[in-house]
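Q: According to our numbering, the sequence shown is numbered sequentially starting from 10. Note that the Cβ used here is the ideal one computed from N, Cα and C, for glycine as well.
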Amino acid sequence: MPAPKKIFIKTFGCQMNVYDSERMSEALAQQGFAEAAAMEEADVVILNTCHIREKAAEKVYSDLGRIRQVKTQRQEAGKETIVTVAGCVAQAEGAEIVRRAPVVDVVVGPQSYHRLGELLGRAGNGTRAIVDTGFPEEDKFGRLPARLSNGAVAAFLTVQEGCDKFCTFCVVPYTRGAEFSRPVKDVEAEARRLAAQGVREITLLGQNVNAYHGQGPDGRTWSLARLIDRLAAIDGIERLRYTTSHPRDMTDDLIAAHRDQPKLMPYLHLPFQAGSDRILAAMNRKHTASEYLALVDRIRAGCESLALSTDIIVGFPGETEEEFAATLDIVGKVGFAQAYSFKYSPRPGTPAAGIDGQVPDRVKTERLHRLQDLLDQQQTAFNSACVGEVMPILFERKGRRAGQLIGRSPYLQAVHAQADSSFLGQILKVEIVGAGPNSLSGALAEAVPRVPA
Ligand code: 5AD
Ligand code: SF4
């Protein structure tokens with residue numbers, strides 16, 4: 010029997026790309042591919058790319074330069090390598106990628122992953138590069154093989170893809186297309202499979218996940234809150250999360266779910282992007298600063314323990330010092346447990362890239378530093394305030410030290426504790442005894458029966 014072909018996938022960008030890479034890897038495993046430990050050993054290299062900021066997109070080309078050397082070395086040893094670019098750069102740049110990097114054999118957009126096996130079969134052996142970046146009629150999720158878990162206790166599950174919001178800075182509506190929600194029964198079937206394989210926590214993914222409007226089993230359109238209740242009823246699923254949300258789609262039933270659904274974690278990623286109403290309007294965010302603050306108040310009124318994280322952009326075209334100060338003001342008023350902040354990066358084809366008054370890079374850098382100082386202080390303060398609390402921790406993996414496990418708190422903080430490895434996959438009460446900027450340490454707070462040997 011010939012040795013199985015080996016595949017190596019490198020993933021950039023967001024959690025949806027992580028999910029997509031897992032699905033590609035599962036689909037190819039069913040077609041007989043094995044995972045390669047290193048790129049040098051791979052017959053097929055896939056870069057699953059991100060186009061959200063220029064830096065992420067350019068990284069792909071520097072990687073392709075290195076891959077060209079690997080491909081040449083393998084060729085000299087008589088081995089073929091099929092180089093594939095998948096993800097959002099593939100979708101946005103298509104055939105241009107092959108022009109810039111002729112080493113590429115296949116370009117495949119996120120809507121065509123169910124066709125990947127067939128594309129790889131046709132590629133290589135000196136054939137011309139294949140570019141598949143259409144938005145096909147067929148539903149890729151329905152055509153990918155049933156989901157397998159990789160043994161992890163926490164998993165991502167894409168329930169919604171694409172975006173109709175058209176924020177003026179963002180490529181997502183172009184790379185991931187119009188909003189699409191998977192039917193409830195498909196999501197539920199995937200969640201049940203994950204639960205049966207030992208998954209305890211599921212994060213529902215979508216570029217605009219709280220705009221979820223999938224077909225329910227009753228033929229009607231279901232909201233994200235209804236979907237969450239349905240999944241919470243699955244035996245074995247102990248925790249649910251969702252990301253990323255738009256403030257305009259935080260409906261009353263979803264806010265109520267944070268109060269009423271105990272399996273929904275008290276943690277919400279809710280980007281606000283900027284604090285000035287003029288900038289928010291220029292971003293086409295469809296909310297003002299005070300509307301965002303009022304929304305946060307309403308959510309917290311229902312669920313006092315809820316913590317927030319967010320995304321923020323500094324240096325959007327035309328942003329003045331005063332307008333930037335309005336961003337700091339929102340951060341000060343909300344108090345975030347965690348946040349991602351970025352320098353505005355003009356993206357080809359998006360409306361904001363053409364706005365006059367692009368902010369110089371040194372000004373963006375300086376604003377980003379000031380913002381991140383404040384966010385770091387808030388994160389450290391949030392973590393420190395956890396010391397002395399007893400929290401339910403889902404143990405996910407072994408730590409570096411002997412006898413140590415690493416788990417997650419309800420607020421997604423990494424928590425280290427001395428615990429027997431038989432507790433992997435369990436949720437146990439842990440007293441938090443120490444806090445750093447990025448993680449917590451704790452001690453098991455309940456007498457837990459040891460699993461008999
Ligand atoms: N420049 C900088 N940051 C961006 N984001 C999206 N587009 C851009 C851009 N052009 C940020 C937003 C979004 C997160 C995923 O990335 O904050 O919420
Ligand atoms: Fe990047 Fe957006 Fe594509 Fe995710 S969906 S990989 S964040 S461009």
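Assign Ala462 to one of three DSSP states: helix, strand, or coil.
A: The count along the sequence shown starts at 1 and reaches residue 462 at position 453. At Ala462, the pLDDT of 46 sits below 50, so the modelled position is not reliable and the matter cannot be decided from this model.
Q: Can Val69 and Val94 be called in contact, C-beta distance under 8 Å?
A: Translated into positions along the sequence shown, residue 69 becomes position 60. Translated into positions along the sequence shown, residue 94 becomes position 85. Taking 8 Å as the Cβ cut-off, Val69 and Val94 qualify as a contacting pair.
Q: From what residue to what residue does the beta strand (DSSP E) around Met400 run?
A: Counted from its first residue, the sequence shown places residue 400 at position 391. That run of the beta strand (DSSP E) goes 399 to 407.
Q: Report the residue ranges of all beta strand (DSSP E) runs contained in full by the region 217 to 270; include only those spanning at least 3 residues, in chain order.
A: Runs of the beta strand (DSSP E) spanning 3 or more residues and lying entirely within the region 217 to 270 occur at 248 to 252, in chain order.
Q: Got a sec? Which residues, its chain only, sit under 7 Å from His255 by beta carbon, not counting five neighbours each side?
A: Taking the first residue of the sequence shown as position 1, residue 255 is located at position 246. The residues are Lys174, Asn217, Asn219, Ala220.
Q: Who are the near neighbours of Asp244 in its chain, counting only those whose CB is closer than 8 Å to its CB and skipping five residues on each side?
A: Along the sequence shown, one-based indexing puts residue 244 at 235. Within the same chain, Asp244 has close Cβ partners Ala204.
Q: According to the Cβ coordinates, are Gly284 and Ile322 closer than 8 Å?
A: Position 275 of the sequence shown, counted from the start, is the residue given in the question as residue 284. Position 313 of the sequence shown, counted from the start, is the residue given in the question as residue 322. Against a cut-off of 8 Å, the Cβ pair of Ile322 and Gly284 comes out as no contact.
Q: Assuming Glu199 is part of the alpha helix (DSSP H), what are its boundary residues?
A: Counting from one through the sequence shown, the residue named residue 199 turns up at place 190. Per DSSP, Glu199 is one residue of the alpha helix (DSSP H) stretching across 193 to 205.
Q: DSSP state of Phe42, grouped into three classes?
A: The residue given as residue 42 occupies position 33 in the sequence shown. Residue state, collapsed to three classes: coil.
Q: Within 10 angstroms of the Cβ of Arg32, are there 16 or more other Cβ atoms? Answer buried if so, exposed if not.
A: Locating residue 32 in the sequence shown gives position 23, where the first residue counts as 1. Classification of Arg32: buried, given that the 10 Å Cβ count is 16 or more.
Q: If you drop the 5 nearest sequence neighbours on each side, which residues of the same chain put their C-beta closer than 6 Å to that of Ala462?
A: For the purposes of this step, residue 462 is identified with residue 453 of the sequence shown, where counting begins at 1. For Ala462, the predicted model reports a pLDDT of 46, less than 50, meaning its position is unreliable and no value from the coordinates is stated.
Q: State the DSSP-derived secondary structure class of Arg481, mapped to helix, strand or coil.
A: It is not possible to answer for residue 481, since the shown part of the chain is limited to 10 through 462.
Q: On the DSSP bridge list, what partners appear for Leu125?
A: Translated into the one-based positions of the sequence shown, residue 125 becomes position 116. Paired residue(s): none; Leu125 is not in a bridge.
Q: For the ligand 5AD, is there a heavy atom less than 7 Å away from the beta-carbon of Arg185?
A: In the sequence shown, residue 185 corresponds to position 176, counting from 1. No, Cβ of Arg185 sits at least 7 Å from all heavy atoms of the ligand 5AD.
Q: If we ignore side chains and look at the alpha-carbon of each, how far apart do Gln120 and Leu317 end up?
A: As a first step, residue 120 is located in the sequence shown; it is residue number 111 there, counting from the start. As a first step, residue 317 is located in the sequence shown; it is residue number 308 there, counting from the start. Each residue's Cα considered, the two are about 31 Å apart.
Q: State the Cα-Cα distance for the pair Arg376 and Phe333, rounded to the nearest angstrom.
A: Locating residue 376 in the sequence shown gives position 367, counting from the first residue. Locating residue 333 in the sequence shown gives position 324, counting from the first residue. Straight across, the Cα-Cα distance linking Arg376 with Phe333 is about 8 Å.
Q: So Ile76 packs on Val92, CB below 8 Å; how close in whole Å?
A: Indexing the sequence shown from 1 puts residue 76 at position 67. Indexing the sequence shown from 1 puts residue 92 at position 83. Yes, Ile76 and Val92 are in contact; Cβ-Cβ is about 6 Å, under 8 Å.
Q: Reducing DSSP to helix, strand and coil, say where Tyr353 ends up.
A: Translated into the one-based positions of the sequence shown, residue 353 becomes position 344. Residue state, collapsed to three classes: coil.
Q: If Leu380 sits next to Leu337, beta carbons under 8 Å apart, how far is it from one beta carbon to the other, in whole angstroms?
A: As a first step, residue 380 must be located in the sequence shown, where it is residue number 371. As a first step, residue 337 must be located in the sequence shown, where it is residue number 328. Right, their Cβ atoms sit about 7 Å apart.
Q: By the 10 Å Cβ neighbour count, where 16 or more other Cβ atoms means buried, how is Gly171 classified, buried or exposed?
A: Position 162 of the sequence shown, counted from the start, is the residue given in the question as residue 171. When all chains shown are included, Gly171 counts as buried.
Q: Going by the beta-carbon positions, is the gap between Glu247 and Ile364 smaller than 8 Å?
A: To locate residue 247, count along the sequence shown from 1; it is residue 238. To locate residue 364, count along the sequence shown from 1; it is residue 355. No, the Cβ-Cβ distance between Glu247 and Ile364 is not below 8 Å.
Q: Provide the residue span of the beta strand (DSSP E) that contains Val117, from first to last.
A: If you number the sequence shown from 1, residue 117 lands on position 108. Element bounds for Val117: 115 to 117.
Q: Out of curiosity, what's the CA-to-CA distance linking Asp286 and Tyr301?
A: The residue labelled residue 286 in the question sits at position 277 within the sequence shown. The residue labelled residue 301 in the question sits at position 292 within the sequence shown. So the two alpha carbons sit approximately 11 Å from each other.
Q: Under a three-way DSSP split, which group does Asn26 fall into?
A: On the sequence shown, position 17 is the one that residue 26 refers to. If DSSP states are grouped into helix, strand and coil, Asn26 belongs with the helices.
Q: Could you tell me the alpha carbon to alpha carbon distance between Thr184 and Val113, rounded to whole angstroms?
A: Here residue 184 refers to the residue found at position 175 of the sequence shown. Here residue 113 refers to the residue found at position 104 of the sequence shown. Looking at the two C-alpha atoms, the distance is approximately 19 Å.
Q: If you drop the 5 nearest sequence neighbours on each side, which residues of the same chain put their C-beta closer than 6 Å to that of Gly225?
A: The sequence position of residue 225 within the sequence shown is 216, counting from 1. Non-local C-beta neighbours of Gly225 in its own chain, meaning closer than 6 Å and more than five positions away in sequence, comprise Val193, Trp231, ordered along the chain.
Q: Reducing DSSP to helix, strand and coil, say where Ile288 ends up.
A: Walking along the sequence shown from the start, residue 288 turns up at place 279. Here Ile288 sits in helix by DSSP.
Q: With distances taken Cα to Cα, identify the nearest neighbour of Pro401 among Ser393, Arg409, Ala423.
A: Residue numbering aside, residue 401 sits at position 392 when the sequence shown is read from its first letter. Closest option to Pro401, Cα to Cα, is Ala423.
Q: Do Val180 and His60 have their CB atoms nearer than 8 Å?
A: Counting from one through the sequence shown, the residue named residue 180 turns up at place 171. Counting from one through the sequence shown, the residue named residue 60 turns up at place 51. Yes.
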